[in-house]
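Single-structure report; data block below.
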């Protein structure tokens, strides 16, 4: 197998643009297709069946568009759909790979902890799936994982309220709930693409020192290692090409996407994921 | 025309169950089909095109399922899709009617105001559409309408946070923004199915007296008047039958739906709106 075509990055919305940014920095040899299923976002509370179906439609769209490597930047999709998709073994999947954000993070998170008590913050869907817990134990069987769903954080960030007193309240509520499970937690994983935007508020609210781990950065490094190990690194001269696709051409994608990617987003194309 | 079959009630999620409850109380002669498109909720931030497409799919689903009267309980769908759907004039629409929640409320809201300064609270989509403003002016041309989007309120209610300090913050923020536009506002319309659940918090936070108008109650009364005027009231003996359909069988629909409907929700059926 050799990775050809652009690398595909999938998310339910614009949150995955932070992961695109991190991966593109690690892998400048590639072109990128980004797809945000914002017509059906957020995925956080949806059932397994629905998250699986939506994610599968997206993966097949990437395959039809010449991507042989697809990264599920969405934690919920990684948690609830990735394993089933990897097990499909459809003929169309030959020489194609789908990776998520959970395993790369699980592989390293234990290295940051002295106590072995690790906190995982995520959407309701990610927490209920227990995926971070399961994956972390594969690499750090001695670790104890504590989870906390933070359903108010995505709306706070999406409405630009992260510096408000209201945000402080909901950050403190969930962090307190997590630390009440174990005061020895010294490493906290921000298991949703949006959460790194609350990093400073989280630091400010906690009176103890913890390591805050961002799965986006870890996934980017992991993807590079993966391609090197499999001897799949492309060689390419010239500038990186980006193309952005969405299922709903809403104003908020452009506005928030620019914030997440930290550059102007232009030429966004709308597609109907189900049909094409 | 004669209304036959059950009355269809459509919402993007479970919020419309409050409207089902209000309508069923006014019209005990009918059976009811409720459809919540929770696999693609919330609609509040989506584009016109997407809200129109999703709503049209739902309306056609009701028509295929023997409903000749469909109520769009969703404010965003009423604001962004209803007019286009009513103008379709498809052959399948003969003898069928689609009504929304905005017009019935616009017809009466001016009667509550002494100052003629009316506030409208809604999702970003409802506010941007300006639909309440347009409809209110048809019936009360002298009124001045002030709008405020309240995007944090739906997540607060859906996460059961309405009695928290965080909720107080975001209720005060939006109410202050509204009243800063005009201190003479004496009537406020709660233009989203969820907002009536914050009624008490809103009352507590305001130091002046205002009328809070719930479109669900007004739509129910309007629907009854409409059927009487058109001489379309059915006669039926026996118990009301309810059937509940969703596009995603998630736990939160059952839990939150029971809260909104104030009774147990059972026998919920999952459908694929696009395909059937």
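Protein chains in written order, with our numbering: chain A, 43 to 318; chain B, 43 to 318.
Each residue gets a CB set at the ideal place from its N, CA and C atoms; glycine is no exception.
This one's a predicted model, so the numbers in the text were calculated from it and none came from an experiment.
Between residue 50(A) and residue 79(B), what straight-line distance do the alpha-carbon atoms span, to the nearest angstrom?
-> For the purposes of this step, residue 50(A) is taken as residue 8 along the first chain, with counting starting at 1. For the purposes of this step, residue 79(B) is taken as residue 37 along the second chain, with counting starting at 1. Computed Cα separation, rounded: 29 Å.
Roughly how many angstroms lie between the CA atoms of residue 291(A) and residue 312(A), to the nearest whole one?
-> Taking the first chain and counting its residues from 1, one reaches residue 291(A) at position 249. Taking the first chain and counting its residues from 1, one reaches residue 312(A) at position 270. Residue 291(A) and residue 312(A): Cα-Cα distance of roughly 6 Å.
Chain A contact for residue 219(B) (CB, 7 Å cutoff) = Here residue 219(B) is taken as the residue at index 177 of the second chain, counted from 1. It does not; no Cβ of chain A falls within 7 Å.
Give me the Cα-Cα distance between residue 102(B) and residue 210(B), rounded to the nearest whole angstrom.
-> As a first step, residue 102(B) must be located in the second chain, where it is residue number 60. As a first step, residue 210(B) must be located in the second chain, where it is residue number 168. Each residue's alpha carbon lies about 40 Å from the other.
Verify the CB distance criterion: does residue 72(A) have a CB-CB separation below 7 Å to chain B?
-> Along the first chain, one-based indexing puts residue 72(A) at 30. Output row for residue 72(A): interface = no.
What is the residue span of the beta strand (DSSP E) that residue 284(B) lies within?
-> Reading the second chain from its first residue, position 242 is the one you call residue 284(B). Looking at the DSSP string, the run of the beta strand (DSSP E) that includes residue 284(B) is 284 to 288.
Going straight from the alpha carbon of residue 246(A) to that of residue 225(A), what length do you get?
-> Mapped onto the first chain, residue 246(A) falls at position 204. Mapped onto the first chain, residue 225(A) falls at position 183. Spanning the two alpha carbons is a distance of roughly 17 Å.
Neighbour list for residue 248(B) in chain A, Cβ cutoff strictly below 8 Å | Looking up residue 248(B) in the second chain gives position 206. Near residue 248(B) there are no residues of chain A at all, since even the closest Cβ is about 18 Å away, more than 8 Å.
Helix, strand or coil for residue 11(B), going by three-state DSSP, please let me know.
-> Look at the range of chain B in this structure, 43 to 318, and you will see that residue 11(B) is not part of it.
Is residue 173(B) buried or exposed, if buried means 16 or more other CB atoms sit within 10 Å of its CB?
-> Position 131 of the second chain holds residue 173(B). Counting Cβ neighbours within 10 Å, residue 173(B) comes out buried, since at least 16 surround it.
Does DSSP put residue 233(B) in a helix, a strand or coil?
-> For this step, residue 233(B) is matched to residue 191 along the second chain. Looking at residue 233(B) - three-state DSSP - the assignment turns out to be strand.
Can you find a CB in chain A that lies within less than 7 Å of the CB of residue 186(B)?
-> Within the second chain, residue 186(B) is the residue found at index 144, counting from 1. By this cut-off, residue 186(B) is not an interface position.
From this set, 181(A), 306(A), 302(A) and 277(A), which residue's C-alpha is nearest residue 73(A)'s C-alpha?
-> Your numbering for residue 73(A) matches position 31 in the first chain. Minimum Cα distance to residue 73(A) is reached at 277(A).
Check distances from the C-beta atoms of the segment 274 to 298 of chain B to those of chain A and list, in chain order, the residues that come in under 7 Å.
-> Those residues of the segment 274 to 298 of chain B placed with their C-beta closer than 7 Å to a C-beta in chain A are 290, 291, 292 and 294, ordered along the chain.
Segments of 3+ residues assigned as beta strand (DSSP E) that fall wholly inside the segment 244 to 273 of chain A | 253 to 255
Would you say residue 207(A) faces chain B, with C-beta separation under 7 Å as the test?
-> Here residue 207(A) refers to the residue found at position 165 of the first chain. Taking Cβ atoms only, chain B reaches closer than 7 Å to residue 207(A), which makes this a yes.
Range covered by the beta strand (DSSP E) that runs through residue 302(A) = Reading the first chain from its first residue, position 260 is the one you call residue 302(A). Taken as a continuous stretch (DSSP letters only), residue 302(A) belongs to no beta strand (DSSP E), being part of the alpha helix (DSSP H) at 293 to 303.
For residue 172(B), three-class secondary structure by DSSP = Position 130 of the second chain, counting from 1, holds the residue named residue 172(B). Correct three-state label for residue 172(B): coil.
Would you tell me roughly how many angstroms separate the C-alpha atoms of residue 48(B) and residue 76(B), rounded to the nearest one?
-> Here the question's residue 48(B) lines up with position 6 in the second chain. Here the question's residue 76(B) lines up with position 34 in the second chain. Their Cα atoms are separated by approximately 10 Å.
Below-7 Å beta-carbon distance, residue 97(A) vs any chain C residue = Within the model displayed, chain C is absent; protein chains A and B are what it includes.
In chain order, what residues of the same chain have a beta carbon less than 6 Å from the beta carbon of residue 252(B), not counting five sequence neighbours either side?
-> On the second chain, residue 252(B) is found 210 positions in, with the first residue counted as 1. Answer for residue 252(B): 228 and 230, listed in chain order.
Quick check: the segment 260 to 280 of chain B against the segment 147 to 155 of chain B, are there 3 or more CB pairs under 8 Å?
-> Note that the segment 260 to 280 of chain B touches the segment 147 to 155 of chain B; at least 3 beta-carbon pairs, one per stretch, sit closer than 8 Å.
Per DSSP, residue 228(A) is paired with what?
-> Working through the first chain from its first residue, we reach residue 228(A) at position 186. Its beta-bridge partners do not exist; DSSP assigns none.
Please go through the same chain and pick out, in chain order, the residues whose beta-carbon is closer than 6 Å to the beta-carbon of residue 295(A), but skip the five residues on each side of it.
-> Numbered from 1 along the first chain, position 253 holds the residue referred to as residue 295(A). Cβ neighbours of residue 295(A) beyond the five flanking positions: 56, 80 and 288.
Where the beta strand (DSSP E) containing residue 189(B) begins and where it ends = Locating residue 189(B) in the second chain gives position 147, counting from the first residue. 186 to 191 is the extent of the beta strand (DSSP E) around residue 189(B).
How long is the line joining the alpha carbons of residue 97(B) and residue 86(B), rounded to whole angstroms?
-> Translated into the one-based positions of the second chain, residue 97(B) becomes position 55. Translated into the one-based positions of the second chain, residue 86(B) becomes position 44. Spanning the two alpha carbons is a distance of roughly 13 Å.
Consider the Cβ of residue 89(B): report whether some Cβ of chain A lies at a distance smaller than 7 Å.
-> The sequence position of residue 89(B) within the second chain is 47, counting from 1. Yes, contact with chain A.
Below 7 Å between beta carbons is the criterion; list the residues of the segment 104 to 119 of chain B that meet it against any residue of chain A, in chain order.
-> For the segment 104 to 119 of chain B, which is checked against every Cβ of chain A, not one residue is closer than 7 Å.
Which residue's Cα is closest to the Cα of residue 214(A): 141(A), 179(A) and 163(A)?
-> In the first chain, residue 214(A) corresponds to position 172, counting from 1. It is 163(A).
Among 142(B), 298(B) and 116(B), the one whose alpha carbon lies nearest that of residue 125(B) | Working through the second chain from its first residue, we reach residue 125(B) at position 83. Selected option, being the one with the closest Cα: 142(B).
If we cut at 7 Å on Cβ distances, does residue 43(A) have a partner in chain B?
-> To locate residue 43(A), count along the first chain from 1; it is residue 1. Note that residue 43(A) scores 46 on pLDDT, short of 50, meaning its location in the model is unreliable and no value can be drawn from it.
Leaving out five residues before and five after residue 166(B) in sequence, what residues of the same chain have Cβ atoms less than 8 Å from its Cβ?
-> In the second chain, residue 166(B) corresponds to position 124, counting from 1. Same-chain partners within the cutoff: 86, 87, 191 and 193.
Can you tell me whether DSSP reads residue 88(B) as helix, strand or coil?
-> Within the second chain, numbered from 1, the residue matching residue 88(B) stands at position 46. Note: residue 88(B) maps to coil in three-state DSSP.
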